[in-house]
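For reference, the structure discussed in these notes is given below.
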Amino acid sequence: MEYTEFGSTKEKVPRIGLGAWQFSDAWGVTDYQKAKAAIAKALELGMNLIDTAMVYGNGMSEKFIGDAIRELGVPRSEVFIVTKIPGHFLSYDDVFRAVDGSLRRLQTSFIDALEAHWPPAWHNIPTCEYARAFERLVEMGKVRYIGLSNYPVALIEEFRYCLSRHDVEVLELRYNIVERQAEQQHIPYAEANSMTVLAWSPLAQAAILGKYTLEDVTKFNDVRRNNPLFRPENYSQILQLVEELKEVAKKYDKTLSQVALNFLLRASSAVLPIPGAKSPEQVEENAGATGWALSYEDWRRLDEASKRLRISYVDIL
Ligand SMILES: NC(=O)c1ccc[n+]([C@@H]2O[C@H](COP(=O)([O-])OP(=O)(O)OC[C@H]3O[C@@H](n4cnc5c(N)ncnc54)[C@H](OP(=O)(O)O)[C@@H]3O)[C@@H](O)[C@H]2O)c1
1 MEYTEFGSTK EKVPRIGLGA WQFSDAWGVT DYQKAKAAIA KALELGMNLI DTAMVYGNGM
61 SEKFIGDAIR ELGVPRSEVF IVTKIPGHFL SYDDVFRAVD GSLRRLQTSF IDALEAHWPP
121 AWHNIPTCEY ARAFERLVEM GKVRYIGLSN YPVALIEEFR YCLSRHDVEV LELRYNIVER
181 QAEQQHIPYA EANSMTVLAW SPLAQAAILG KYTLEDVTKF NDVRRNNPLF RPENYSQILQ
241 LVEELKEVAK KYDKTLSQVA LNFLLRASSA VLPIPGAKSP EQVEENAGAT GWALSYEDWR
301 RLDEASKRLR ISYVDIL
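Just so it is clear: in the sequence shown, position 207 is 207 by the UniProt record's numbering, and no numbers are missing.
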């Protein structure tokens, strides 16, 4: 595993983390032993940053992570846990109440990075109200670093203005070889401000892995049922990108997931993908995206192929 520094801190974190939304009804890994096996493999490989959230399986993901770390006997200091508080839990008092629940499920006395999962849309909570609660948690030793997920840059700026002693160290955003909107504003902003970018859905929920046909994706019974990437007009284009990925993968003797993740790593040193994995085999394969690099020419080839896509999210026609 390759390592990097977390945000502006000197904290050592892996270049690829483990996404733990999979340990929920939404993705289907609700058997604790399966989740534990994936977590154990990630930790064994040094992929020791785990991304979870209160809403993943209504606490199931956090509970599984807490149980696994305890049962595996891994020292707490050797795991970097990122969790998130949903946008509707962001009143000052709710922040503390919600974080107490996470600490209990994770069976830990502190969270490495606490993020607001999304802005408090519909709840009209002033930004400084929850920013101060986040900062108080850092001062009290319950949270080490602060982050924001799915925030526009203007609101990130507003949030930072509310902080007095600490800064935002991490942004978490959707970023994969198909959906590259984060490159426009967020990644340059993170680079300029020494922040880490956790890339969510870095495998486009497996759309770019060539493992599902146009017919297969109509039968998804998990969270992907509602992902516009799998609609025929989008997915048929993505399957063309898959052909390019296959050719590049063959050249390097790597898998599609390894090439797709390496593409993100090459795009910016601030980016830290957090692919979700359902098994130790998937974890191991994804870890193999580090330790090598796509050439400039092959990166450009994939860059061009991905820019040819015309993805639309409009589904009410
Ligand atoms: N902050 C946010 O708002 C937000 C939103 C979404 C996700 N996230 C985080 O980002 C993480 C990853 O995103 P994601 O879950 O949306 O999607 P993803 O990582 O793009 O795709 C994960 C899925 O791809 C398949 N897969 C993974 N590795 C594979 C491999 N090596 N070979 C073959 N198939 C493989 C698995 O599904 P199958 O085996 O079933 O095909 C897996 O469930 C989540 O776990 C979560 O921690 C955050």
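The C-beta atom is built at its ideal place from N, Cα and C for all residues, glycine as well.
Note the first and the last residue of the continuous alpha helix (DSSP H) segment covering residue i.
| i | result |
| --- | --- |
| residue 323 | Here the chain covers residues 1 to 317 and nothing more, so residue 323 does not appear. |
| T127 | 127 to 139 |
| F96 | 92 to 106 |
| F159 | 153 to 162 |
| E115 | Run containing E115: none in the alpha helix (DSSP H); it sits in the beta strand (DSSP E), 111 to 116. |
| L302 | 296 to 307 |
| V74 | That residue, V74, is in no alpha helix (DSSP H); it is neither H nor E in DSSP. |
Which whole-angstrom value is the C-beta distance of residue i and residue j, which I expect to be below 8 angstroms?
| i | j | result |
| --- | --- | --- |
| A20 | S61 | 5 angstroms |
| L203 | A270 | Their Cβ separation, rounded to whole angstroms, is 19 angstroms, which puts L203 and A270 out of contact at 8 angstroms. |
| S201 | N176 | 6 angstroms |
| G7 | Y145 | 7 angstroms |
| L173 | V197 | 6 angstroms |
Check each candidate in the options and name the one with the smallest Cα separation from residue i.
| i | options | result |
| --- | --- | --- |
| P86 | Y130, T196, V197 | Y130 |
| G17 | P75, E11, F80, A35 | F80 |
| Y252 | W118, D298, S312 | D298 |
| K219 | F230, G210, L209 | F230 |
| A154 | D167, V170, Y189 | Y189 |
| A98 | K307, I177, V55 | V55 |
| A128 | H186, H117, L90 | A quick correction: the sequence has Cys, not Ala, at residue 128. Answer by Cα proximity: L90. |
| D303 | V248, V170, L173, N48 | V248 |
| F23 | Q184, L214, I125, S279 | S279 |
| G157 | P119, K246, S312 | In the sequence as displayed, the identity of residue 157 is Glu instead of Gly. Out of P119, K246, S312, P119 has the C-alpha closest to the C-alpha of E157. |
Please find out if some non-hydrogen atom of ligand 1 comes closer than 7 angstroms to the beta-carbon of residue i.
| i | result |
| --- | --- |
| N286 | yes |
| S269 | no |
| P119 | no |
| E169 | no |
| E172 | yes |
| A98 | no |
| Q181 | no |
| K254 | no |
| I16 | no |
| R306 | The displayed chain sequence assigns Ser, not Arg, to residue 306. No, since every heavy atom of ligand 1 falls outside the 7 angstroms radius drawn around the Cβ of S306. |
How about residue i: is its Cβ closer than 7 angstroms to a heavy atom in ligand 2?
| i | result |
| --- | --- |
| S102 | Annotation note on ligand 2: not contained in the displayed structure, which lists ligand 1 as its ligands. |
May I ask which residues mark the beginning and end of the beta strand (DSSP E) holding residue i?
| i | result |
| --- | --- |
| P280 | Segment 280 to 287 is the alpha helix (DSSP H) holding P280; no beta strand (DSSP E) there. |
| V314 | V314 -> no beta strand (DSSP E), and no H or E assigned at all. |
>> Going residue by residue through the segment 170 to 231, where are the continuous alpha helix (DSSP H) segments of at least 4 residues, counting only ones entirely within it?
In response: 186 to 192
>> Going residue by residue through the segment 225 to 275, where are the continuous beta strand (DSSP E) segments of at least 3 residues, counting only ones entirely within it?
In response: 271 to 273
> Of all the alpha helix (DSSP H) runs that stay within the bounds of the segment 32 to 61, which reach a length of 4 or more residues?
Replying inline: 32 to 44
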